[in-house]
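Visitor: My structure is below; once you've seen it, I'll send some questions.
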Amino acid sequence: MNIMMNRIKWVVGASALTLASGAGAAGTGVQAEPDWTLPIHDNQVFGQVLFDRMEYQRDGDNELALWDAQAWIGKDRNRLWVETEGETDLSSDSGDIENFDVQYSYRFDRFWDIQTGLGAQTTFGPSPNKERYSAIVGLQGLAPYWFEVDTNLRVTDDGDVSYDLEAEYDWLLTQRLILQGRGETLVAFSDVEEWGVGSGINNVGLGLRLRYHFSREFAPYVGVSYTRFLGNTEDLREREGEDVESSSFVAGVRWWF
Amino acid sequence: MGLLAGFDSLLPAYARGQLDNTNAFHTVRNGADIYDLTVARTPLKIGGRVSEQPITINGTLPAPLVRLKQGREAILRVTNTLPEATSIHWHGLILPFQMDGVPGVSFPGIMPGETFEYRFPVEQHGTYWYHSHTGLQEQLGHYGPIIIDPAEPESVAYDREYVVVLSDWTFDSPEDVFRKLKVAEGYYNYNQRTVGDFFKDVETMGWDAAWNKAGMWGKMRMSPRDILDVTGSEYTYLMNGSPSASNWTGLFRPGEKIRLRFINASAMTFFDVRIPGLPMTVISADGQPVQPVETDEFRIGVAETYDVIVQPTGTAHTVFAQSQDRSGYVRGTLATRKGMEAPVPPMYPRTERGMAAMGMGAMSMGAMGKDGDMNMDSGMDMGGKMEMMSGSNDKAHGQMMMNGADSGMNKMSSDKATMNEVPTAGRPISHGPDNHGPGAAMVASSPQSRLDDPGVGFETANHRVLTYSQLQSIEGWPDKRPAEREVELHLTGNMERYMWSFDGKKFSEVDGPVKFYHGERLRLILVNDSMMDHPIHLHGMWMELETGAGEYRPRKHTISVKPGERVSALITADAPGDWAFHCHLLYHMDAGMFRVVSVV
Numbered sequence: 226m227n228i229m230m231n232r233i234k235w236v237v238g239a240s241a242l243t244l245a246s247g248a249g250a251a252g253t254g255v256q257a258e259p260d261w262t263l264p265i266h267d268n269q270v271f272g273q274v275l276f277d278r279m280e281y282q283r284d285g286d287n288e289l290a291l292w293d294a295q296a297w298i299g300k301d302r303n304r305l306w307v308e309t310e311g312e313t314d315l316s317s318d319s320g321d322i323e324n325f326d327v328q329y330s331y332r333f334d335r336f337w338d339i340q341t342g343l344g345a346q347t348t349f350g351p352s353p354n355k356e357r358y359s360a361i362v363g364l365q366g367l368a369p370y371w372f373e374v375d376t377n378l379r380v381t382d383d384g385d386v387s388y389d390l391e392a393e394y395d396w397l398l399t400q401r402l403i404l405q406g407r408g409e410t411l412v413a414f415s416d417v418e419e420w421g422v423g424s425g426i427n428n429v430g431l432g433l434r435l436r437y438h439f440s441r442e443f444a445p446y447v448g449v450s451y452t453r454f455l456g457n458t459e460d461l462r463e464r465e466g467e468d469v470e471s472s473s474f475v476a477g478v479r480w481w482f
Numbered sequence: 016m017g018l019l020a021g022f023d024s025l026l027p028a029y030a031r032g033q034l035d036n037t038n039a040f041h042t043v044r045n046g047a048d049i050y051d052l053t054v055a056r057t058p059l060k061i062g063g064r065v066s067e068q069p070i071t072i073n074g075t076l077p078a079p080l081v082r083l084k085q086g087r088e089a090i091l092r093v094t095n096t097l098p099e100a101t102s103i104h105w106h107g108l109i110l111p112f113q114m115d116g117v118p119g120v121s122f123p124g125i126m127p128g129e130t131f132e133y134r135f136p137v138e139q140h141g142t143y144w145y146h147s148h149t150g151l152q153e154q155l156g157h158y159g160p161i162i163i164d165p166a167e168p169e170s171v172a173y174d175r176e177y178v179v180v181l182s183d184w185t186f187d188s189p190e191d192v193f194r195k196l197k198v199a200e201g202y203y204n205y206n207q208r209t210v211g212d213f214f215k216d217v218e219t220m221g222w223d224a225a226w227n228k229a230g231m232w233g234k235m236r237m238s239p240r241d242i243l244d245v246t247g248s249e250y251t252y253l254m255n256g257s258p259s260a261s262n263w264t265g266l267f268r269p270g271e272k273i274r275l276r277f278i279n280a281s282a283m284t285f286f287d288v289r290i291p292g293l294p295m296t297v298i299s300a301d302g303q304p305v306q307p308v309e310t311d312e313f314r315i316g317v318a319e320t321y322d323v324i325v326q327p328t329g330t331a332h333t334v335f336a337q338s339q340d341r342s343g344y345v346r347g348t349l350a351t352r353k354g355m356e357a358p359v360p361p362m363y364p365r366t367e368r369g370m371a372a373m374g375m376g377a378m379s380m381g382a383m384g385k386d387g388d389m390n391m392d393s394g395m396d397m398g399g400k401m402e403m404m405s406g407s408n409d410k411a412h413g414q415m416m417m418n419g420a421d422s423g424m425n426k427m428s429s430d431k432a433t434m435n436e437v438p439t440a441g442r443p444i445s446h447g448p449d450n451h452g453p454g455a456a457m458v459a460s461s462p463q464s465r466l467d468d469p470g471v472g473f474e475t476a477n478h479r480v481l482t483y484s485q486l487q488s489i490e491g492w493p494d495k496r497p498a499e500r501e502v503e504l505h506l507t508g509n510m511e512r513y514m515w516s517f518d519g520k521k522f523s524e525v526d527g528p529v530k531f532y533h534g535e536r537l538r539l540i541l542v543n544d545s546m547m548d549h550p551i552h553l554h555g556m557w558m559e560l561e562t563g564a565g566e567y568r569p570r571k572h573t574i575s576v577k578p579g580e581r582v583s584a585l586i587t588a589d590a591p592g593d594w595a596f597h598c599h600l601l602y603h604m605d606a607g608m609f610r611v612v613s614v615v
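Protein sequence lines, in the order shown, are assigned to chains W and X. Per our numbering, numbering of the first sequence is gapless, rising by one per residue and ending at 482. Per our numbering, numbering of the second sequence is gapless, rising by one per residue and ending at 615.
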């Protein structure tokens, strides 16, 4: 009888708790009183800001500053992700924010998140600036053999569709000295001349960065980066008198908090 | 003792060098042992460095010894002077669930400024311990030893006894440690596989095998080097509150027999314990007497206890406890006078997990245990299966099986007569339709009982290392019924997000408690679907570990389950109420590897 009463109290209490704190009392015992604390708190919110690449690039006389950063906040399976990547030409002070994406991220698999949200792309500097927006669906996660993969399908506000893929792989030379290989590519499904995009494979980028971890959080690096534009995009750039290939020395820092 | 008093007033009495450290200061009234315990935050110096964060009881770290007597009542009055709630759980004690001290399960917790009186009859005897069950307080020193003296004298002879409390200390806040585990996989692991390790494999096993081995682990996105989540890179290991440099010393007179009561009060560290040059006779495990078994080393999981008898032959002996991943150690000394030291051995080389950890069972010794014998054919067979994976450790393991040189193997053959089959051996395994979902990064496809395997890092050991299969109770236990029902739980985790759970579901995700029915006899089956060892602790009821020893199975409050292993235990559900059931790795528990067992 007593147990019965307690159980009724518990059920009522559990519902109240769920509404009040969102903590839920899912696994609590039959004797637990509704106003008790939970025995453990396994549903906490965590967050992290990571500057994966914050770097200086030099290709002959061209000098660029580049950033590639991400931040997330959330619980184990549901997270809000912000990602941004862009570069600025240090001689002309012009550049572009290649993407500034805000996405909801859900872990649907052991190693994979599905992400969806909105992204912005803009240019900045002396020449007339432009911007466009896109809806994104993507996958981010850890592929077999330890490849970190981030891939997105984007549809812009003009209806142009593109697909991008980035993958990174770490070779541990020692516990603190790590060589990172990086590859990226972008495929467009239509020509968007205004943005220098030809349909088909636009480019392939490869990079090797050697970083030293003074701590887990802070690791400066040096490396090389190579980009090749291809197909229609290559033609487009040739017409505009832009390079279709670049090889750069890079130096930067990877850090998180 | 008077001479030594004041040596370090911040350590409890038992942690000071003296002849015997098991005196406890309390009152006895009306057949009850009465203790007053005050929980407080006390700045302490640990290894020469001051920390503001220790949580002490009566001013010391570890907490003072609570010494009770079987058959009497215990009255334990706990006063909380912290600005936050606290609690004390009496680990391993059989008592009414309201006295078990788990906030949210047995009671609301002890609020700031409040005194809670625990009161219960003491039914058992042996070595136990107590600790906070609130938040991450246990990491900060909120733990201490319990000795319960038997009502009838024991048949064990010794001249002197010491409690040896092993623990791990961090100068960072436990919340910070937990966050780093959550956001950065492998944050504390400075023994990850490097390119150089790959080429070493190529040298020892050839290109193809090395490539296949790397591929196998890579495909699973698992690391064979994940042995402990928080390592010596973060922790200072303590013996009775003292780091190695302070050298905790237990004094003895030549010729004496000493009973050492080892308690692993760590938050996250499995220790491998030995006293170089001295054999140890294990006489009890988790407070429960076992048939004496002599060994050279034992692995003690978090929350486990072992009592051993040693008889020093020299004037100083090092008590050496290295962390399971060999990232650090703590030593103390048994000596005939204060200030003496014995050589401190080097730690064993670092190691990595073999294929058995994946739960494939290919090199499992348990697979052989099935036949109860060492069979050359099955050994060859396994050698064949291992071909692809015969890394340095695996190879050693293989050789060990082939020539049967290992003491564990000999022991097994010689005990054949008393060995019964482990009841779950050979059963197919089921993981549910979704393989436990994203909460489980892997599942064991063919988990084996490996109770005769001392565990990772002992593959090449050429000395005796204690295994669970060597633990046998003295008379068996009162409930002779076979199991009427089985409850199977899988230990699951996903290192990448530091998610830990049972059956892929965290405490906050499950639908109600695990139900035991009052009076029933049940078999609890634990399957480890993860790459870590988990010390699984059931409150309030004993787990009789099915080792194959028939009715002489040992009973435990905490069972360490190795990666890819399946173990089973018989339980008599004789304790009505709600009981915590969890992994005793503190951050695994806090990440969700926790259930309530309701005995209804």
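Cβ atoms here follow ideal geometry from the backbone N, Cα and C, with glycine treated the same way.
#1: Using a Cβ-Cβ cut-off of less than 9 angstroms, give me the residues of the region 253-270 of chain W that come near chain X, in sequence order.
#2: Exposed or buried, residue 497/X, counting other C-beta atoms within 10 Å across all chains shown (16 or more means buried)?
#3: Given that a residue counts as buried once 16 or more other Cβ atoms are within 10 Å of its Cβ, and exposed if not, what is residue 342/X?
#4: Would DSSP call residue 189/X helix, strand or coil?
#5: Do we get a CB-CB distance below 8 angstroms when we pair residue 227/X with the residues of chain W?
#6: Run through the DSSP bridge pairs and tell me what residue 310/W is partnered with.
#7: Since residue 536/X and residue 494/X should fall inside the 8 angstroms C-beta cutoff, what is the C-beta to C-beta distance between them, to a whole number of angstroms?
#8: Compare the C-alpha of residue 374/X against each of 615/X, 593/X, 582/X and name the closest.
#9: Please list, in chain order, all residues of the same chain as residue 295/W whose beta carbon is under 6 angstroms from its beta carbon, the five residues on each side excluded.
#10: Determine the closest residue to residue 242/X out of 510/X, 615/X, 566/X, 584/X, with distance taken between C-alpha atoms.
#11: With a cut-off of 8 angstroms, do at least 3 Cβ pairs link the region 277-290 of chain W to the region 253-268 of chain W?
#12: If I'm right that residue 338/X touches residue 284/X with Cβ under 8 angstroms, what's the distance once you round it to whole angstroms?
#13: Would you mind stating whether residue 265/X and residue 173/X have Cβ atoms separated by less than 8 angstroms?
#14: Using three-state DSSP, classify residue 173/X as helix, strand or coil.
#15: How about residue 245/X: is its C-beta nearer than 8 angstroms to some C-beta of chain W?
#16: Indicate the three-state DSSP secondary structure (helix, strand or coil) for residue 453/X in the structure shown.
#17: Of all Cβ atoms in chain X, is any one closer than 8 angstroms to the Cβ of residue 445/W?
#18: Taking the alpha carbon of residue 485/W as the reference point, which residue from 327/W, 329/W, 281/W, 355/W has its own alpha carbon closest?
#19: Below 7 angstroms on C-beta distance, what does residue 602/X contact in chain W?
#20: Step through the CB atoms of chain W and report whether any lies within less than 8 angstroms of the CB of residue 75/X.
#21: Are the C-beta atoms of residue 508/X and some chain W residue less than 8 angstroms apart?
#22: Under the rule that 16 or more other beta-carbon atoms within 10 Å means buried, what is residue 263/X, buried or exposed?
#23: Where does residue 477/W fall in DSSP's three states?
#24: Is the CB of residue 333/X under 8 angstroms away from at least one CB in chain W?
#25: What is the DSSP secondary structure of residue 331/W, reduced to helix, strand or coil?
#26: Since residue 119/X and residue 257/W are thought to touch, with beta carbons under 8 angstroms apart, how far apart are those beta carbons, to the nearest angstrom?
#27: Give the single residue among 371/W, 346/W, 395/W whose Cα lies nearest to the Cα of residue 380/W.
#28: Going residue by residue through the region 366-434 of chain W, where are the continuous beta strand (DSSP E) segments of at least 3 residues, counting only ones entirely within it?
#29: When you compare only the Cα positions, how much space is there between residue 543/X and residue 107/X?
#30: Note down, in chain order, every chain W residue with its Cβ under 9 angstroms from the Cβ of residue 609/X.
#31: If you compare alpha carbons, which of 499/X, 269/X, 48/X is closest to residue 587/X?
#32: Is residue 160/X closer than 8 angstroms to residue 278/X when the C-beta atoms are compared?
#33: In this structure, how does DSSP classify residue 494/X when only helix, strand and coil are distinguished?
#34: Looking at C-beta atoms only, is the number of pairs between the region 511-529 of chain X and the region 561-573 of chain X that lie closer than 8 angstroms three or more?
#35: Does residue 336/W have its Cβ less than 8 angstroms from a Cβ in chain X?
#36: List the DSSP bridge partners of residue 486/X.
Guide: The structure says:
#1: 253, 254, 255, 256, 257, 258, 260, 261, 262, 263, 264, 265, 266, 267, 268, 269
#2: Here residue 497/X is taken as the residue at index 482 of the second sequence, counted from 1. Residue 497/X should be labelled exposed.
#3: Position 327 of the second sequence, counting from 1, holds the residue named residue 342/X. Classification for residue 342/X: buried.
#4: What you label residue 189/X is simply residue 174 of the second sequence in a count that begins at 1. Helix, per DSSP.
#5: Here the question's residue 227/X lines up with position 212 in the second sequence. No, residue 227/X lies away from the interface with chain W (no Cβ there is under 8 angstroms from its Cβ).
#6: Here residue 310/W refers to the residue found at position 85 when the first sequence is read from its first residue. Partner(s): 293/W, 324/W.
#7: In the second sequence, the residue the question calls residue 536/X occupies position 521. In the second sequence, the residue the question calls residue 494/X occupies position 479. Right, their Cβ atoms sit about 6 angstroms apart.
#8: Taking the second sequence and counting its residues from 1, the one referred to as residue 374/X is at position 359. Checked all of 615/X, 593/X, 582/X; the closest Cα to residue 374/X is 582/X.
#9: Counting from 1 along the first sequence, the entry for residue 295/W is found at position 70. These residues qualify, in order along the chain: 275, 308.
#10: The residue you call residue 242/X lines up with position 227 of the second sequence. Taking only the C-alpha atoms, the option nearest residue 242/X is 510/X.
#11: no
#12: Position 323 of the second sequence, counted from the start, is the residue given in the question as residue 338/X. Position 269 of the second sequence, counted from the start, is the residue given in the question as residue 284/X. So it is a contact: roughly 5 angstroms between Cβ atoms.
#13: For this step, residue 265/X is matched to residue 250 along the second sequence. For this step, residue 173/X is matched to residue 158 along the second sequence. No, these two residues do not count as a Cβ contact at 8 angstroms.
#14: Along the second sequence, one-based indexing puts residue 173/X at 158. Residue 173/X falls in the coil class under three-state DSSP.
#15: Reading the second sequence from its first residue, position 230 is the one you call residue 245/X. Not an interface residue.
#16: Locating residue 453/X in the second sequence gives position 438, where the first residue counts as 1. Note: residue 453/X maps to helix in three-state DSSP.
#17: Looking up residue 445/W in the first sequence gives position 220. Answer no: the Cβ-Cβ gap between residue 445/W and chain X never drops below 8 angstroms.
#18: What is shown of chain W runs 226 to 482, which leaves residue 485/W out entirely.
#19: The residue labelled residue 602/X in the question sits at position 587 within the second sequence. Result: empty, since nearest Cβ-Cβ is about 11 angstroms, beyond 7 angstroms.
#20: Within the second sequence, the letter at position 60 stands for residue 75/X. For residue 75/X, the answer is no, since every Cβ of chain W falls outside 8 angstroms of its Cβ.
#21: Here residue 508/X refers to the residue found at position 493 when the second sequence is read from its first residue. With 8 angstroms as the cut-off, residue 508/X does not count as an interface residue toward chain W.
#22: By 1-based counting over the second sequence, the position of residue 263/X is 248. When all chains shown are included, residue 263/X counts as buried.
#23: Position 252 of the first sequence, counted from the first residue, corresponds to residue 477/W. Note: residue 477/W maps to strand in three-state DSSP.
#24: Sequence index remark: in the second sequence, residue 333/X carries index 318 (1-based). Taking Cβ atoms only, chain W never reaches closer than 8 angstroms to residue 333/X, which makes this a no.
#25: Working through the first sequence from its first residue, we reach residue 331/W at position 106. Here residue 331/W sits in strand by DSSP.
#26: Along the second sequence, read from residue 1 onward, the residue named residue 119/X stands at position 104. Along the first sequence, read from residue 1 onward, the residue named residue 257/W stands at position 32. Confirmed, about 6 angstroms.
#27: The residue labelled residue 380/W in the question sits at position 155 within the first sequence. Comparing Cα-Cα distances from residue 380/W to each of 371/W, 346/W, 395/W, the minimum goes to 346/W.
#28: 372-381, 386-397, 402-413
#29: Indexing the second sequence from 1 puts residue 543/X at position 528. Indexing the second sequence from 1 puts residue 107/X at position 92. In a straight line, the C-alpha of residue 543/X is about 22 angstroms away from that of residue 107/X.
#30: Counting from 1 along the second sequence, the entry for residue 609/X is found at position 594. The contacting residues are 252, 264, 265, 267.
#31: Counting from 1 along the second sequence, the entry for residue 587/X is found at position 572. Here the closest residue by C-alpha is 499/X.
#32: If you number the second sequence from 1, residue 278/X lands on position 263. If you number the second sequence from 1, residue 160/X lands on position 145. The answer is yes: Cβ separation under 8 angstroms.
#33: As a position in the second sequence, residue 494/X is number 479, starting the count at 1. Correct three-state label for residue 494/X: coil.
#34: no
#35: Counted from its first residue, the first sequence places residue 336/W at position 111. At least one chain X Cβ lies under 8 angstroms of residue 336/W.
#36: Within the second sequence, numbered from 1, the residue matching residue 486/X stands at position 471. Answer is none; residue 486/X lacks a bridge partner.
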